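First comes the structure, then the notes that go with it.
In the UniProt record's numbering, the protein residues as written are 1 to 589.
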């Protein structure tokens, strides 16, 4: 088949302007609307992929240019940017044309023609201008999707100077920015921004490079080249595209392996953290105990505040008693003087008085020593009572914890599952009330001669006024006897049930592992089928391109192929009917 029928065609005529790319004898275009869906811009290969080349719909009507093109400062700025771009890319050397000195304000028509052609060749180097500029510009602007091309007329293009120059200066500046964007895209300048926006353009880059290089080689081929020559010329490009895709996939596979390793490490750290973190049930239990202790301490603090108020009142009473004692002391001093006078009157000597004073001091020291020993003993007794009270509080907490756990495992109440009609609820059988340590305060007299300690009828640590509790009397159950044996029997029963449950769970795990292996096998089969589907889709696309090329060969060939296609469809319908008939026969059998 002759491939020259599918190459770009040219129209007679020429712009008459010398340029470096005039030697090209083929015409190309940046964009040609076609009814065929593009594989790059949203065809069947695109699927749900967001392409970098998707086009936004054009607004209806004549859009208004928001740029302040009439502003002199804006014109000077974009004109300066355009001049810098022209100087940077050797415009005058390539086009062999020198711009007028007052180009940005009052250019010539020739300046605009050269500028437009040069800028357009920066966008599409293969395009060849063959008509007058006023006929070439409108369709090219429409192909470039220039937003304001509807506001530009052919008569304005033929006379770009004067009041219309600001419009065409904005057009040239827009084409310069478009060329800069394409150059930046070719240098992969926007890859990072696209990746940050969630758009992967690696595949689009590879396909675009393939289309660019392959299309250029195809254009440069001889018009008489056959299909085999075309395939041979395009084979290196296809191979290069496949290798580029393999390199891109290798990079993604390496990143996937890194992410999988990081995921495994994080999973391991999470498991270690879960192992090192205490059980939430234990923490909840401790929090509950601390809340209960808080309530008890608040109650004890309230009681202590009440006692403080009582002691303050007692201090006031003692102050009054102290005043009375001072009065009594004065009276005693007066009485002593009177007694001293009486002793003197009785004729007692000084030696007798010294002897009686010494004896009195000795007895006083003995009393003080005995009082000190008594205070030490009372202090030790008070410490023991405090320790016993703390142990009793701890015992109550343990009993409460025991009852909570027993309730959770079904031992309380007697009607629970594991109780078997027995009562396993522990109770502390002591007197109610708070400890006032009356026993340690007995015998301590106040200034008025009254004991400071209270009564013992509500003493928690004493069974009666003189004796305490025996260990076996504090709890209502025999822990070492009946309860321990029952717990051992329950533990044995639970162990047996746990063993049975573990066996069942291991069987379930084995079943789950087998199911996972089966799922993995099916997943591998699905991946293989997907690979075959992708290969079939690629083969389908290639076949479709070849079919389209063959369709464009000639009208006669198209009619012939339509007849063959109709024949094939008839044969296919007959085959389908035959297969359905066979299936019905098979089902009947």
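Glycine included, C-beta positions come from ideal geometry on N, C-alpha and C. The structure displayed is predicted, hence computed values, not measured ones.
Item                                                                                                                                                               : Value
May I ask whether a heavy atom of the ligand SAM can be found less than 8 Å away from the beta carbon of residue 587?                                              : In terms of ligand content, the structure shown is empty, and the ligand SAM therefore cannot be addressed.
Put residue 169 into one of helix, strand or coil per three-state DSSP.                                                                                            : helix
What does the alpha-carbon distance come out to for the pair residue 404 and residue 425?                                                                          : 10 Å
Between the C-alpha atoms of residue 535 and residue 238, what's the straight-line distance to the nearest angstrom?                                               : 15 Å
What are the start and end residues of the alpha helix (DSSP H) that includes residue 299?                                                                         : 280-346
Specify, as a first and last residue, the run of the alpha helix (DSSP H) that residue 200 falls within.                                                           : Residue 200 -> no alpha helix (DSSP H), and no H or E assigned at all.
Quick one: Cα of residue 428 to Cα of residue 479, how far?                                                                                                        : 13 Å
What does the alpha-carbon distance come out to for the pair residue 103 and residue 128?                                                                          : 25 Å
Please state whether DSSP places residue 238 in a helix, a strand or coil.                                                                                         : helix
Report the rounded CA-to-CA distance for residue 156 versus residue 188, giving the unit in angstroms.                                                             : 37 Å
Where are the beta strand (DSSP E) runs, 3 residues long or more, that stay fully inside the stretch 351-389, in chain order?                                      : none
Take residue 172 as the anchor and find which of 190, 247 and 107 has the nearest alpha-carbon.                                                                    : 107
Assign residue 267 to one of three DSSP states: helix, strand, or coil.                                                                                            : helix
Can at least three beta-carbon pairs, one atom from the stretch 268-284 and one from the stretch 239-258, be found at a separation below 8 Å?                      : no
Can you pull the DSSP bridge partners for residue 428?                                                                                                             : 475
Do residue 69 and residue 162 have their beta-carbon atoms positioned less than 9 Å apart in this structure?                                                       : no
Would you tell me roughly how many angstroms separate the C-alpha atoms of residue 370 and residue 382, rounded to the nearest one?                                : 18 Å
In terms of residues, what are the limits of the alpha helix (DSSP H) holding residue 589?                                                                         : Run containing residue 589: none; DSSP gives neither H nor E here.
Hey, would you say residue 235 sits closer than 9 Å to residue 166, going by beta carbons?                                                                         : no
Check whether the stretch 113-128 touches the stretch 175-188, counting contact only when three or more Cβ pairs, one atom from each stretch, lie closer than 8 Å. : yes
Please classify residue 123: does DSSP put it in a helix, a strand, or coil?                                                                                       : helix
Residue 106 by DSSP, collapsed to three states: which one?                                                                                                         : coil
Whole angstroms is fine: what's the gap from residue 558's alpha carbon to residue 570's?                                                                          : 18 Å
Sorted by chain position, which residues of the same chain lie with C-beta nearer than 6 Å to residue 242's C-beta, five sequence neighbours on each side aside?   : none
Among residues of its own chain, excluding the 5 on either side of residue 499, which ones have a beta-carbon nearer than 7 Å to its beta-carbon?                  : none
Going by beta carbon distance, what residues of the same chain come within less than 7 Å of residue 584, once the five residues before and after it are set aside? : none
Which residue's Cα is closest to the Cα of residue 160: 186, 113, 269 and 142?                                                                                     : 113
With the cut-off set at 9 Å, would you say residue 100 and residue 111 are in Cβ contact?                                                                          : yes
Run the CB neighbour count on residue 158, radius 10 Å, all protein chains shown included, and call it buried at 16 or more, exposed below.                        : exposed
Quick check on residue 572: buried or exposed, where buried means 16 or more other Cβ atoms within 10 Å of its Cβ?                                                 : exposed
Within 10 angstroms of its Cβ, does residue 201 collect 16 or more other Cβ (buried), or is it exposed?                                                            : buried
With a CB to CB cut of under 7 Å and the five nearest residues on each side skipped, what residues in its chain are close to residue 402?                          : 426
Which same chain residues, not among the five before or five after residue 138, have their C-beta less than 8 Å away from its C-beta?                              : 149, 152, 154 and 157
Pull up the distance between the alpha-carbon of residue 341 and that of residue 325, whole angstroms please.                                                      : 24 Å
To the nearest angstrom, how far is the alpha carbon of residue 303 from that of residue 294?                                                                      : 14 Å
With a CB to CB cut of under 7 Å and the five nearest residues on each side skipped, what residues in its chain are close to residue 213?                          : 237
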